[in-house]
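What follows is a set of notes on a single structure, which appears directly below.
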Amino acid sequence: MIVAAHMHVWNRLHGRIGGEVALRAVRDGRVRVGDDELLGMPAHMADCNALAELAVAEFDAAGVDVGVVVQEYMDGEQNDYLLEVRDRFPDRFFLHGLPDFFDPDHTAEEAFALFDRGFSGLKLSAGHLAGKVQIDDERFLPIYERMEHESLVLAADLSEGEEQAAELERILAHCPALRVAVGHFGLPTRGGWPGQLSLARHDHVYLEGGGLVWLYRGEGYPFPGAVEAIRHAIDEVGAHKLMWGSDWPRTMCDFTYRQSLDFARCSGALSDEEKTAFLGANAAGLYGLLSPAEKRAPVPHITEG
Numbered sequence: 001m002i003v004a005a006h007m008h009v010w011n012r013l014h015g016r017i018g019g020e021v022a023l024r025a026v027r028d029g030r031v032r033v034g035d036d037e038l039l040g041m042p043a044h045m046a047d048c049n050a051l052a053e054l055a056v057a058e059f060d061a062a063g064v065d066v067g068v069v070v071q072e073y074m075d076g077e078q079n080d081y082l083l084e085v086r087d088r089f090p091d092r093f094f095l096h097g098l099p100d101f102f103d104p105d106h107t108a109e110e111a112f113a114l115f116d117r118g119f120s121g122l123k124l125s126a127g128h129l130a131g132k133v134q135i136d137d138e139r140f141l142p143i144y145e146r147m148e149h150e151s152l153v154l155a156a157d158l159s160e161g162e163e164q165a166a167e168l169e170r171i172l173a174h175c176p177a178l179r180v181a182v183g184h185f186g187l188p189t190r191g192g193w194p195g196q197l198s199l200a201r202h203d204h205v206y207l208e209g210g211g212l213v214w215l216y217r218g219e220g221y222p223f224p225g226a227v228e229a230i231r232h233a234i235d236e237v238g239a240h241k242l243m244w245g246s247d248w249p250r251t252m253c254d255f256t257y258r259q260s261l262d263f264a265r266c267s268g269a270l271s272d273e274e275k276t277a278f279l280g281a282n283a284a285g286l287y288g289l290l291s292p293a294e295k296r297a298p299v300p301h302i303t304e305g
């Protein structure tokens, strides 16, 4: 089973970076961030919408079974759209709700409403909060307590460096059974290690590799630095604590979806057992996913003939 433990879908871009700088769709994959126009996704996404059916097409071509959707403030919350996605593709996605952590007095109420609507996970887009709101603010503790009690999953994308790792450590001291997936592999190239990596020593905390190829984009495929980071993480916390993620569709500005998977799937530096754990088995356990009735195989490329 292969699970993409970090990806995005949206049907409308209406976000802000750090709660301040607006991000808006332009056309042909381009977005406007403040005054800058950038390629925010592959140019063939003419309407700038990363729709679920496009993601499923990538899954089917690459042999991926399930995608774990983690929302982002830069895209704008997609809670209503994700519930539509759940109904249309009930077996292909695990979905996180996104409340407004910039409004601490009302975050718990909003988070509880998302849980009541059927979300089994919550996104803590912590990097946007850095310097503005502490993620261990006591007003958020009821959220973490309910999540611990109900075995819900917290997707935590921390800021660069280790400061928010210390805040998450304090949350885990209060809620030791809280199930957490630390995003972007703990940012090994952005000062996140060893603090963010060490979080995975907690029994219920995992590292997911969404954007791992982005962090090593300067190398290009097959990303030897990314493979080395996986090997180091295996040595430090064990292969059973690591998960693959694509960060679709943003990383596809630089590389194909298949490349974001095959750098690990085809690597000679990882054993078959390590690949099984990293590419899906660990995620299936954390998110409570059922194995598909039939194994999905990648579709051969016409260029292989």
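At position 114 of the sequence shown the residue is numbered 114 (our numbering), and the sequence of numbers has no breaks. The C-beta atom is built at its ideal place from N, Cα and C for all residues, glycine as well.
Can residue i and residue j be called in contact, C-beta distance under 8 Å?
i: Leu261; j: Ala181; result: no
i: Arg86; j: Leu98; result: no
i: Arg296; j: Gly63; result: yes
i: Gly34; j: Phe102; result: no
i: Asp100; j: Glu109; result: no
i: Leu82; j: Leu122; result: no
i: Pro249; j: Pro42; result: yes
i: Gly183; j: Gly161; result: no
i: Ile135; j: Glu84; result: no
i: Pro307; j: Leu215; result: This structure does not reach residue 307, given that the chain is present from 1 up to 305, and the question cannot be answered.
i: Ala200; j: Ser159; result: no
i: Ala55; j: Gly67; result: yes
i: His240; j: Ala277; result: yes
i: Leu207; j: Phe185; result: yes
i: Arg27; j: Ala46; result: yes
i: His8; j: Gly245; result: no
i: Pro292; j: Met1; result: yes
i: Gly15; j: Asp80; result: no
i: Ala226; j: Leu212; result: yes
i: Gln164; j: Ala113; result: no
i: Arg146; j: Pro104; result: no
i: Tyr221; j: Gln196; result: no
i: Arg24; j: Leu13; result: yes
i: Phe59; j: Arg88; result: no
i: Ala269; j: Arg231; result: yes
i: Glu148; j: Leu124; result: no
Note the first and the last residue of the continuous beta strand (DSSP E) segment covering residue i.
i: Asp65; result: Premise fails: Asp65 is in no beta strand (DSSP E) and is neither H nor E.
i: Arg16; result: His14 to Ile17
i: Glu150; result: It is not in any beta strand (DSSP E) - Glu150 instead sits in the alpha helix (DSSP H) that spans Leu141 to Glu150.
i: Gly97; result: Phe93 to Gly97
i: Leu207; result: Val205 to Glu208
DSSP on residue i, reduced to helix/strand/coil?
i: Tyr221; result: coil
i: Arg27; result: coil
i: Val85; result: helix
i: Ala22; result: strand
i: Gly121; result: strand
i: Leu290; result: coil
i: Glu72; result: coil
i: Tyr257; result: helix
i: Val299; result: coil
i: Leu54; result: helix
i: Val153; result: strand
i: Ile230; result: helix
i: Asp60; result: helix
i: Glu77; result: coil
i: Asp235; result: helix
On the DSSP letters alone, give me the boundaries of the alpha helix (DSSP H) that residue i sits inside.
i: Gly285; result: Asn282 to Tyr287
i: Asp272; result: Asp272 to Thr276
i: Phe115; result: Pro104 to Asp116
i: Ser267; result: No alpha helix (DSSP H) holds Ser267; DSSP gives it neither H nor E.
i: Val213; result: Leu212 to Leu215
i: Gln134; result: Unbroken run through Gln134: none, as it is neither H nor E.
i: Leu197; result: Gly195 to Ser198
For residue i, write down the residues that DSSP places opposite it in a beta bridge.
i: Trp248; result: Met7
i: His320; result: For the chain, the structure presents residues 1 to 305; residue 320 sits outside this window and is missing.
i: Asp36; result: Val33
i: Met41; result: Answer by DSSP bridge pairing: none, since Met41 is not bridged.
i: Leu242; result: Leu207
So, is the C-beta of residue i closer than 8 Å to a C-beta in chain C?
i: Pro224; result: Going by chain labels, chain C is absent from the structure shown, which holds only one protein chain.
Ranges of the beta strand (DSSP E) found wholly within the stretch 156 to 189, counting only runs of at least 3: Scanning the stretch 156 to 189 from its first residue to its last, the whole beta strand (DSSP E) runs of 3-plus residues come out as 179 to 182.
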